[in-house]
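In this note's numbering, the protein residues as written are 114 to 412. Heads up, the beta-carbon is just placed ideally off N, CA and C, and yes, glycines get one too. Computed from a prediction, not measured in an experiment: that's the story for all the values here. Report on the following structure.
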(Lines of atoms letter the chains of each structure in order from A and count residues from 1; the text may use other names and numbers.)
(Lines give C-alpha, C1' and ligand atoms only; values in the text may rest on other atoms or scores of the structure.)
Protein backbone atom coordinates (compact mmCIF):
# COMPACT_ATOMS: atom_id res chain seq x y z
CA UNK A 1 0.00 0.00 0.00
CA UNK A 2 1.52 3.35 -1.05
CA UNK A 3 1.81 6.40 1.18
CA UNK A 4 -1.14 8.18 -0.42
CA UNK A 5 -3.55 5.32 0.34
CA UNK A 6 -2.23 5.06 3.89
CA UNK A 7 -2.77 8.78 4.41
CA UNK A 8 -6.30 8.62 2.96
CA UNK A 9 -7.14 5.96 5.53
CA UNK A 10 -5.29 7.63 8.39
CA UNK A 11 -6.64 11.15 7.81
CA UNK A 12 -10.27 10.54 8.86
CA UNK A 13 -9.09 8.52 11.86
CA UNK A 14 -6.90 11.43 12.98
CA UNK A 15 -9.79 13.88 12.46
CA UNK A 16 -12.10 11.84 14.66
CA UNK A 17 -9.35 11.42 17.26
CA UNK A 18 -8.65 15.17 17.31
CA UNK A 19 -12.36 15.95 17.61
CA UNK A 20 -12.78 13.57 20.56
CA UNK A 21 -9.66 14.93 22.27
CA UNK A 22 -10.74 18.55 21.75
CA UNK A 23 -14.21 17.88 23.16
CA UNK A 24 -12.69 16.09 26.14
CA UNK A 25 -10.45 19.09 26.83
CA UNK A 26 -13.45 21.41 26.59
CA UNK A 27 -15.58 19.41 28.98
CA UNK A 28 -12.80 19.33 31.57
CA UNK A 29 -13.07 23.13 31.61
CA UNK A 30 -16.85 23.49 31.85
CA UNK A 31 -19.53 22.43 34.29
CA UNK A 32 -21.68 19.88 32.48
CA UNK A 33 -24.42 20.25 35.08
CA UNK A 34 -24.57 23.97 34.39
CA UNK A 35 -24.64 23.35 30.62
CA UNK A 36 -27.53 20.91 30.99
CA UNK A 37 -29.38 23.40 33.20
CA UNK A 38 -28.94 26.15 30.61
CA UNK A 39 -30.45 23.97 27.90
CA UNK A 40 -33.22 22.72 30.18
CA UNK A 41 -34.25 26.25 31.17
CA UNK A 42 -33.80 27.73 27.68
CA UNK A 43 -36.64 29.68 26.08
CA UNK A 44 -37.15 27.56 22.97
CA UNK A 45 -39.18 30.28 21.22
CA UNK A 46 -35.95 32.19 20.59
CA UNK A 47 -34.62 29.21 18.65
CA UNK A 48 -37.18 29.82 15.89
CA UNK A 49 -35.63 33.12 14.75
CA UNK A 50 -32.18 31.58 15.37
CA UNK A 51 -32.92 28.81 12.86
CA UNK A 52 -34.50 31.29 10.44
CA UNK A 53 -31.42 33.55 10.56
CA UNK A 54 -29.14 30.58 9.99
CA UNK A 55 -31.15 29.36 6.98
CA UNK A 56 -31.08 32.84 5.42
CA UNK A 57 -27.35 32.96 6.12
CA UNK A 58 -26.73 29.75 4.17
CA UNK A 59 -28.86 30.94 1.24
CA UNK A 60 -26.92 34.23 1.08
CA UNK A 61 -23.62 32.32 1.30
CA UNK A 62 -24.68 30.14 -1.62
CA UNK A 63 -25.32 33.30 -3.67
CA UNK A 64 -21.81 34.53 -2.85
CA UNK A 65 -20.43 31.25 -4.14
CA UNK A 66 -22.66 31.53 -7.22
CA UNK A 67 -21.06 34.85 -8.17
CA UNK A 68 -17.61 33.27 -8.06
CA UNK A 69 -18.84 30.43 -10.26
CA UNK A 70 -20.17 33.01 -12.69
CA UNK A 71 -16.75 34.69 -12.66
CA UNK A 72 -15.30 31.57 -14.30
CA UNK A 73 -18.21 31.26 -16.71
CA UNK A 74 -20.16 28.36 -15.17
CA UNK A 75 -23.83 28.53 -16.31
CA UNK A 76 -25.12 26.99 -13.09
CA UNK A 77 -28.60 27.98 -11.93
CA UNK A 78 -29.49 29.39 -8.53
CA UNK A 79 -31.38 26.20 -7.63
CA UNK A 80 -28.60 23.82 -8.66
CA UNK A 81 -26.01 25.93 -6.86
CA UNK A 82 -28.02 25.93 -3.64
CA UNK A 83 -28.51 22.17 -3.89
CA UNK A 84 -24.78 21.65 -4.40
CA UNK A 85 -23.94 24.02 -1.54
CA UNK A 86 -26.19 22.15 0.89
CA UNK A 87 -24.69 18.83 -0.09
CA UNK A 88 -21.28 20.34 0.55
CA UNK A 89 -22.46 21.10 4.09
CA UNK A 90 -23.30 17.45 4.53
CA UNK A 91 -19.90 16.25 3.36
CA UNK A 92 -18.13 18.73 5.65
CA UNK A 93 -20.11 17.74 8.72
CA UNK A 94 -20.68 14.02 8.43
CA UNK A 95 -17.90 12.56 6.32
CA UNK A 96 -14.49 12.90 8.00
CA UNK A 97 -12.72 11.95 4.80
CA UNK A 98 -10.23 13.68 2.56
CA UNK A 99 -12.99 14.73 0.16
CA UNK A 100 -14.91 17.33 2.12
CA UNK A 101 -17.62 19.65 0.88
CA UNK A 102 -15.35 21.77 -1.29
CA UNK A 103 -13.80 18.71 -2.89
CA UNK A 104 -17.26 17.36 -3.67
CA UNK A 105 -18.26 20.63 -5.38
CA UNK A 106 -15.09 20.61 -7.47
CA UNK A 107 -15.60 17.02 -8.64
CA UNK A 108 -19.28 17.48 -9.50
CA UNK A 109 -18.81 20.76 -11.38
CA UNK A 110 -15.82 19.47 -13.31
CA UNK A 111 -17.89 16.49 -14.48
CA UNK A 112 -20.98 18.53 -15.21
CA UNK A 113 -19.54 21.49 -17.07
CA UNK A 114 -16.79 22.23 -19.56
CA UNK A 115 -14.32 23.56 -17.00
CA UNK A 116 -11.09 22.61 -15.30
CA UNK A 117 -10.22 21.52 -11.79
CA UNK A 118 -8.08 24.66 -11.39
CA UNK A 119 -10.91 27.05 -12.31
CA UNK A 120 -13.45 25.49 -9.95
CA UNK A 121 -10.89 25.28 -7.16
CA UNK A 122 -10.11 28.99 -7.63
CA UNK A 123 -13.79 29.92 -7.38
CA UNK A 124 -14.29 27.88 -4.22
CA UNK A 125 -11.04 29.13 -2.67
CA UNK A 126 -11.76 32.83 -3.27
CA UNK A 127 -15.30 32.39 -2.01
CA UNK A 128 -13.80 31.15 1.26
CA UNK A 129 -11.35 34.03 1.23
CA UNK A 130 -14.18 36.55 0.85
CA UNK A 131 -15.82 35.07 3.93
CA UNK A 132 -12.53 35.24 5.81
CA UNK A 133 -12.10 38.90 4.83
CA UNK A 134 -15.61 39.67 6.12
CA UNK A 135 -14.79 37.93 9.38
CA UNK A 136 -11.69 40.12 9.76
CA UNK A 137 -13.78 43.20 8.98
CA UNK A 138 -16.26 42.46 11.76
CA UNK A 139 -13.52 41.57 14.27
CA UNK A 140 -11.85 44.91 13.50
CA UNK A 141 -15.13 46.76 14.01
CA UNK A 142 -15.87 44.92 17.25
CA UNK A 143 -12.51 45.98 18.64
CA UNK A 144 -14.03 49.45 18.95
CA UNK A 145 -16.91 48.14 21.07
CA UNK A 146 -14.89 46.06 23.53
CA UNK A 147 -13.10 47.89 26.39
CA UNK A 148 -10.64 44.99 26.77
CA UNK A 149 -9.07 45.62 23.35
CA UNK A 150 -10.18 49.16 22.51
CA UNK A 151 -6.68 50.54 23.12
CA UNK A 152 -5.44 48.34 20.28
CA UNK A 153 -8.25 49.29 17.89
CA UNK A 154 -6.25 51.85 15.84
CA UNK A 155 -3.57 49.23 15.18
CA UNK A 156 -6.13 46.53 14.38
CA UNK A 157 -8.03 48.80 11.99
CA UNK A 158 -4.84 50.02 10.33
CA UNK A 159 -3.58 46.46 9.85
CA UNK A 160 -6.92 45.38 8.41
CA UNK A 161 -7.04 48.37 6.06
CA UNK A 162 -3.52 47.77 4.74
CA UNK A 163 -4.18 44.05 4.45
CA UNK A 164 -7.37 44.72 2.49
CA UNK A 165 -5.54 46.97 0.02
CA UNK A 166 -2.84 44.36 -0.51
CA UNK A 167 -5.48 41.64 -0.85
CA UNK A 168 -7.37 43.54 -3.55
CA UNK A 169 -4.16 44.44 -5.42
CA UNK A 170 -3.01 40.81 -5.51
CA UNK A 171 -6.49 39.63 -6.50
CA UNK A 172 -6.82 42.19 -9.29
CA UNK A 173 -3.24 41.80 -10.51
CA UNK A 174 -2.88 38.02 -10.55
CA UNK A 175 -6.47 36.67 -10.44
CA UNK A 176 -8.36 39.26 -12.44
CA UNK A 177 -11.38 37.05 -13.17
CA UNK A 178 -11.88 36.48 -9.45
CA UNK A 179 -11.83 40.22 -8.76
CA UNK A 180 -15.02 40.73 -10.76
CA UNK A 181 -18.00 41.69 -8.60
CA UNK A 182 -15.52 42.33 -5.76
CA UNK A 183 -17.82 44.71 -3.89
CA UNK A 184 -20.87 42.47 -4.29
CA UNK A 185 -19.16 39.27 -3.12
CA UNK A 186 -17.49 40.93 -0.16
CA UNK A 187 -20.65 42.74 0.93
CA UNK A 188 -22.36 39.35 0.82
CA UNK A 189 -19.50 38.08 2.98
CA UNK A 190 -20.24 40.74 5.61
CA UNK A 191 -23.93 39.88 5.34
CA UNK A 192 -23.35 36.16 5.96
CA UNK A 193 -21.08 36.77 8.95
CA UNK A 194 -23.64 39.22 10.37
CA UNK A 195 -26.42 36.66 9.95
CA UNK A 196 -24.32 34.13 11.85
CA UNK A 197 -24.02 36.65 14.65
CA UNK A 198 -27.78 37.17 14.54
CA UNK A 199 -28.13 33.41 15.02
CA UNK A 200 -25.75 33.60 17.99
CA UNK A 201 -27.72 36.54 19.44
CA UNK A 202 -30.98 34.59 19.34
CA UNK A 203 -29.27 31.58 20.94
CA UNK A 204 -27.90 33.83 23.69
CA UNK A 205 -31.41 35.17 24.27
CA UNK A 206 -32.77 31.61 24.40
CA UNK A 207 -30.16 30.65 27.00
CA UNK A 208 -31.01 33.68 29.16
CA UNK A 209 -27.84 35.75 28.72
CA UNK A 210 -28.21 38.98 30.72
CA UNK A 211 -24.84 40.58 29.94
CA UNK A 212 -23.46 42.28 26.84
CA UNK A 213 -23.48 40.15 23.70
CA UNK A 214 -20.44 41.86 22.15
CA UNK A 215 -17.73 39.75 23.85
CA UNK A 216 -19.59 36.56 22.89
CA UNK A 217 -19.81 37.79 19.29
CA UNK A 218 -16.07 38.45 19.26
CA UNK A 219 -15.04 35.04 20.58
CA UNK A 220 -17.50 33.34 18.23
CA UNK A 221 -15.92 35.07 15.24
CA UNK A 222 -12.44 34.19 16.47
CA UNK A 223 -13.50 30.58 16.99
CA UNK A 224 -14.70 30.53 13.39
CA UNK A 225 -11.06 30.90 12.37
CA UNK A 226 -10.19 27.77 14.34
CA UNK A 227 -12.99 25.82 12.68
CA UNK A 228 -11.56 26.62 9.22
CA UNK A 229 -8.56 24.37 9.79
CA UNK A 230 -9.38 20.79 8.69
CA UNK A 231 -8.24 19.12 11.90
CA UNK A 232 -11.64 18.04 13.20
CA UNK A 233 -14.97 16.73 11.90
CA UNK A 234 -16.95 19.73 10.63
CA UNK A 235 -15.04 22.07 12.96
CA UNK A 236 -16.55 20.37 16.03
CA UNK A 237 -14.17 20.54 18.96
CA UNK A 238 -11.82 23.08 17.37
CA UNK A 239 -14.43 25.83 17.70
CA UNK A 240 -15.23 24.84 21.28
CA UNK A 241 -11.56 24.88 22.34
CA UNK A 242 -11.23 28.40 20.93
CA UNK A 243 -14.48 29.41 22.64
CA UNK A 244 -13.24 28.21 26.04
CA UNK A 245 -9.93 30.01 25.58
CA UNK A 246 -11.69 33.23 24.52
CA UNK A 247 -14.17 33.05 27.39
CA UNK A 248 -11.31 32.66 29.85
CA UNK A 249 -9.40 35.56 28.29
CA UNK A 250 -12.36 37.96 28.43
CA UNK A 251 -13.77 36.70 31.72
CA UNK A 252 -16.97 35.33 30.22
CA UNK A 253 -19.21 32.48 31.34
CA UNK A 254 -17.53 29.41 29.82
CA UNK A 255 -20.62 27.24 30.30
CA UNK A 256 -22.77 29.72 28.41
CA UNK A 257 -20.18 30.23 25.67
CA UNK A 258 -19.81 26.48 25.04
CA UNK A 259 -23.59 26.04 25.12
CA UNK A 260 -23.93 28.69 22.40
CA UNK A 261 -21.27 27.00 20.27
CA UNK A 262 -22.83 23.56 20.56
CA UNK A 263 -26.32 24.95 19.87
CA UNK A 264 -24.98 26.60 16.72
CA UNK A 265 -23.42 23.31 15.65
CA UNK A 266 -26.68 21.43 16.22
CA UNK A 267 -28.57 23.92 14.05
CA UNK A 268 -25.94 23.49 11.33
CA UNK A 269 -26.17 19.72 11.60
CA UNK A 270 -29.98 19.76 11.38
CA UNK A 271 -29.91 21.83 8.19
CA UNK A 272 -27.28 19.58 6.61
CA UNK A 273 -29.33 16.49 7.48
CA UNK A 274 -32.55 17.91 6.09
CA UNK A 275 -30.76 18.83 2.88
CA UNK A 276 -29.25 15.40 2.39
CA UNK A 277 -32.60 13.60 2.70
CA UNK A 278 -34.12 15.83 0.05
CA UNK A 279 -31.24 16.20 -2.36
CA UNK A 280 -28.87 13.25 -2.10
CA UNK A 281 -30.65 10.96 -4.56
CA UNK A 282 -30.86 13.59 -7.26
CA UNK A 283 -27.27 14.82 -6.95
CA UNK A 284 -25.79 11.32 -7.00
CA UNK A 285 -27.18 10.35 -10.40
CA UNK A 286 -24.55 8.76 -12.54
CA UNK A 287 -25.44 10.75 -15.65
CA UNK A 288 -24.53 14.42 -15.15
CA UNK A 289 -27.38 16.78 -16.10
CA UNK A 290 -27.02 19.25 -18.95
CA UNK A 291 -25.70 22.70 -18.05
CA UNK A 292 -28.34 25.07 -16.78
CA UNK A 293 -29.29 27.88 -19.09
CA UNK A 294 -29.87 30.27 -16.26
CA UNK A 295 -29.88 34.02 -16.47
CA UNK A 296 -26.98 35.68 -14.71
CA UNK A 297 -28.05 37.50 -11.56
CA UNK A 298 -27.72 41.26 -11.51
CA UNK A 299 -25.09 42.90 -9.38
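- Of the other Cβ atoms in all chains shown, fewer than 16 fall within 10 Å of the Cβ of residue 268; this residue is therefore exposed.
- Each of 293, 248, 289, 263 was checked against the Cα of residue 273, and the nearest Cα belongs to 248.
- Only buried fits residue 299, as 16 or more other CB atoms lie within 10 angstroms of its CB.
- In this chain, residue 323 is not harboured by any alpha helix (DSSP H), its DSSP state being neither H nor E.
- For the region 164-208, the full-length alpha helix (DSSP H) segments reaching 4 residues or more read 191-207 along the chain.
- When secondary structure is reduced to three states using DSSP, residue 261 falls in the coil class, being assigned neither helix nor strand.
- For the set 338, 331, 179, the Cα lying nearest the Cα of residue 297 is the one of 179.
- Ranked by Cα distance from residue 377, the first of 256, 193, 170, 276 is 170.
- Going by DSSP, residue 353 is part of the alpha helix (DSSP H) stretching over 351-363.
- With respect to the C-alpha of residue 187, the residue from 149, 232, 265 having the closest C-alpha is 232.
- For residue 266, the enclosing alpha helix (DSSP H) stretches over residues 266-287.
- Only exposed fits residue 276, as fewer than 16 other CB atoms lie within 10 angstroms of its CB.
- When the five nearest sequence neighbours on each side are left out, the beta carbons in the same chain lying within less than 7 Å of the beta carbon of residue 372 are those of 148, 151, 152, 320, in order along the chain.
- For residue 282 and residue 289, the gap between their C-alpha atoms comes out near 10 Å.
- Between residue 255 and residue 331, the CB-CB gap stays under 8 Å.
- Non-local C-beta neighbours of residue 173 in its own chain, meaning closer than 7 Å and more than five positions away in sequence, comprise 301, 304, 305, 308, ordered along the chain.
- For residue 253, the enclosing alpha helix (DSSP H) starts and ends at 230-255.
- Listed in chain order, the non-local C-beta contacts of residue 236 below 6 Å within the same chain comprise 181, 182, 185, local neighbours out to five positions each way being set aside.
- Cβ neighbours of residue 219 within its own chain (closer than 7 Å, five residues either side excluded): 230, 233, 234, 237.
- A direct Cα-Cα distance of roughly 19 Å separates residue 318 from residue 353.
- Counting other Cβ atoms within 10 Å of its Cβ, residue 279 stays below 16 and is therefore classed as exposed.
- In the three-state reduction of the DSSP assignment, residue 294 falls in the coil class.
- In this structure, the straight-line span from the alpha carbon of residue 253 to that of residue 388 is close to 34 Å.
- Exposed is the label assigned to residue 130, since fewer than 16 other Cβ atoms lie within 10 Å of its Cβ.
- Within the same chain, 151, 320, 322 come within 7 Å of residue 369 by CB-CB distance, once the 5 residues on both sides are set aside.
- Your pair residue 214 and residue 202 checks out as a contact, with CB atoms roughly 6 Å apart and the cut at 8 Å.
- By alpha-carbon distance to residue 386, the top candidate from 205, 243, 285, 363 is 205.
- Between residue 265 and residue 294, the alpha-carbon positions lie close to 32 Å from each other.
- Residue 158 and residue 336 have their C-alpha atoms spaced approximately 26 Å apart.
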